[in-house]
């Protein structure tokens, strides 16, 4: 019998700053390294991260850290960890690797022990067999991890939506590999549980095409839509609707522009030629246009707030504009979201 320990350094009984540890005998495997946004009354705090003390004290035993997808709550604290413990082997899928390289470069971290892995793979780290399986969620290249022990697999699912009708392979939910793991013996399942107390299912409600297409059809003037830049599934839906209704698109966020370029490089998705208008070419006189306002956390709400209060030097909202809010507040951003909505109702013609 092997000695297996499983515990969390963040992310249990809270939404955010995910970090979980699986010890297989003397080897330490870490899943995720994310942040949590502070509440509005936590003044002077930009983000909350896990406590790395245990990892510092046992850093010689750390064999790998897995970053399962490109969301802030699972990867944004990695620069902080690598500044304290350099050269930890980081395993992730190609799209997330490209995101991490930008983030770590911005943080001044030049040396990165980064391993790109397939979403559905079997390999060894030291003497431990690792299996990965593709998961469906709002960003491409998501995966779960299975760590083999003498007593069975410890399976970490990460976030997931059960969706069998995903046409883009980069978002595919890999039920075959998951079923195989079950038949081979599972010691423990570490499963995401956010939303599990609500009745019903997420799929197909995670899609927004049916909810917003009518506004593309009946709107003649400018449209604005807010979306988190890491919700690439939703971004693709929006771009497909713009293509269908012959609307040019302006992406008002550099990180989202980089992400869409990454998607194209990896062959996951290409924005149709001629659809996109550069932000520098945007004019407030343009009518049949869709402006995608994007960002992470509080930044997306601040961008719209500046447009609504005429603090943005390039884009200002008008009474004829339609604004669709497709970026629900995440914990810690509720006040900014409420303030943004107040300003929108004063300036925009229709807010949805």
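Residue numbers (the numbering used here): 35 to 386.
Each residue gets a CB set at the ideal place from its N, CA and C atoms; glycine is no exception.
- At least 8 Å separates the beta-carbon of residue 141 from that of residue 123.
- Using a Cβ distance threshold of 8 Å, residue 108 and residue 66 count as a contacting pair.
- Residue nearest to residue 362 within the set 143, 151, 346, 262 is 262 (criterion: CA-CA distance).
- In this structure, residue 316 keeps its C-beta atom at 8 Å or more from the C-beta atom of residue 374.
- Beta-bridge partners of residue 224 (DSSP): 190.
- Here residue 340 has 346 as same chain residues with Cβ atoms under 7 Å from its own Cβ, once five neighbours each way along the sequence are excluded.
- In terms of Cβ geometry, residue 225 and residue 172 do not form a close pair [threshold 8 Å].
- Contact check between the segment 272 to 287 and the segment 176 to 187: fewer than three CB pairs, one atom from each, fall below 8 Å, which does not count as touching.
- With fewer than 16 other Cβ atoms from the protein chains shown falling within 10 Å of its own Cβ, residue 245 counts as exposed.
- Take the alpha-carbon of residue 196 and the one of residue 233: they are about 15 Å apart.
- Of 184, 175, 62, the smallest CA-CA separation from residue 193 is found for 175.
- Beta-bridge partners assigned by DSSP to residue 148: 124.
- In this structure, the beta-carbon distance from residue 127 to residue 153 falls below 8 Å.
- The DSSP-derived three-state label of residue 212 is helix.
- In terms of Cα proximity to residue 44, the closest of 80, 89, 79, 58 is 89.
- Residue nearest to residue 188 within the set 103, 80, 242, 36 is 36 (criterion: CA-CA distance).
- Straight through space, the alpha carbons of residue 208 and residue 214 are spaced by roughly 10 Å.
- Residue 328 carries a strand assignment under DSSP once its states are collapsed to helix, strand and coil.
- A straight line joining the alpha-carbon of residue 157 with that of residue 163 spans about 6 Å.
- Taken in chain order, the complete alpha helix (DSSP H) segments of 4 residues or longer contained in the segment 73 to 116 are 87 to 91, 106 to 109.
- With 16 or more other Cβ atoms from the protein chains shown falling within 10 Å of its own Cβ, residue 349 counts as buried.
- Taking the C-beta atoms as reference points, residue 260 is found nearer than 8 Å to residue 360.
- The DSSP-derived three-state label of residue 336 is helix.
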